[in-house]
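S.K.:
Numbering (our numbering), first residue to last: 14 to 194.
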């Protein structure tokens with residue numbers, strides 16, 4: 014091999030290793046996610062799980078956004094002192110355009126969450142139309158703090174407004190249009 018080719022090969026190997034390291038260190042930061050359609054979040058978090066991308070919860074993550082708790086391995090998620098999770102029952106619109114709770118979609122949503130999150134929700138009366146917030150010590154007891162943040166910092170209230178591996182999430186047809194927002 015000529016010296017020029019060897020140096021090109023070395024350069025290409027260095028570039029490839031940087032690309033591999035960079036993609037492994039990629040992260041998604043959630044700082045103001047109010048939720049949306051469950052099917053869209055299921056697809057989004059399945060892609061994130063498959064990519065290995067780290068998810069940093071650094072503010073409100075409400076409604077369908079909370080599906081990440083059951084769809085990503087615990088090691089792929091971390092929280093900051095600003096993190097706030099908001100849980101409520103899933104809903105659809107009826108024929109007249111009013112919001113109505115969907116018991117089927119709410120059951121599907123609960124089934125996605127890890128047991129410790131389901132227990133937390135159950136101790137607060139279950140999923141209902143009213144938003145239940147998890148933050149501070151409760152959240153820090155369930156999920157690791159992100160780089161350098163301490164559990165004591167997590168005890169402060171949020172300043173913003175407001176695991177198990179993924180299994181294939183079967184969302185019933187009647188819940189496909191359900192929103193958990």
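Cβ coordinates follow ideal geometry from the N, Cα and C atoms, glycine included.
Terminal residues of the continuous beta strand (DSSP E) containing residue 114?
M.R.: In the chain shown, residue 114 corresponds to position 101, counting from 1. Going by DSSP, residue 114 is part of the beta strand (DSSP E) stretching over 112 to 114.
S.K.: Just to confirm my understanding: we take residue 77, look at its own chain, exclude 5 residues before and 5 after, and list those with CB closer than 6 Å. What are they?
M.R.: Here residue 77 corresponds to residue number 64 of the chain shown, with the count starting at 1. Leaving aside the five residues that flank residue 77 on each side, the residues in its chain whose CB is nearer than 6 Å to its CB run, in chain order, 48, 49, 51, 54 and 193.
S.K.: Give the secondary structure of residue 74 by DSSP, where H, G and I count as helix, E and B as strand, and everything else as coil.
M.R.: For the purposes of this step, residue 74 is taken as the residue at position 61 of the chain shown. In the structure shown, residue 74 sits in a strand (DSSP, three-state: E or B).
S.K.: Quick one: what's residue 99 bridged to in DSSP?
M.R.: What you label residue 99 is simply residue 86 of the chain shown in a count that begins at 1. According to DSSP, residue 99 bridges with 75 and 146.
S.K.: Please report the distance separating the alpha-carbon of residue 92 from that of residue 140.
M.R.: Translated into the one-based positions of the chain shown, residue 92 becomes position 79. Translated into the one-based positions of the chain shown, residue 140 becomes position 127. Cα to Cα, residue 92 sits roughly 22 Å from residue 140.
S.K.: List the residues that DSSP assigns as beta-bridge partners of residue 43.
M.R.: Stepping through the chain shown from its first residue, residue 43 is reached at position 30. Beta-bridge pairing by DSSP links residue 43 to 70.
S.K.: Using 8 Å as the threshold, is the C-beta distance between residue 147 and residue 98 below it?
M.R.: Here residue 147 is taken as the residue at index 134 of the chain shown, counted from 1. Here residue 98 is taken as the residue at index 85 of the chain shown, counted from 1. Yes, the Cβ-Cβ distance between residue 147 and residue 98 is below 8 Å.
S.K.: Along the chain, where does the alpha helix (DSSP H) that runs through residue 140 open and close?
M.R.: In the chain shown, counting from the first residue as 1, residue 140 sits at position 127. Taken as a continuous stretch (DSSP letters only), residue 140 belongs to no alpha helix (DSSP H), as it is neither H nor E.
S.K.: Hey, residue 69 and residue 85 are a contact pair by Cβ (cut 8 Å); roughly how many whole angstroms apart?
M.R.: Taking the chain shown and counting its residues from 1, one reaches residue 69 at position 56. Taking the chain shown and counting its residues from 1, one reaches residue 85 at position 72. Actually they do not touch by this definition, with Cβ atoms about 12 Å apart.
S.K.: From this set, 88, 79 and 83, which residue's C-alpha is nearest residue 103's C-alpha?
M.R.: As a first step, residue 103 must be located in the chain shown, where it is residue number 90. Closest in C-alpha terms to residue 103, from the list 88, 79 and 83, comes 79.
S.K.: For residue 142, which residues from the same chain have a beta carbon less than 7 Å from its beta carbon, with the 5 sequence-adjacent residues on both sides left out?
M.R.: For the purposes of this step, residue 142 is taken as residue 129 along the chain shown, with counting starting at 1. If we look at residue 142 and ignore the five residues flanking it on each side, its Cβ neighbours are 101, 102 and 114.
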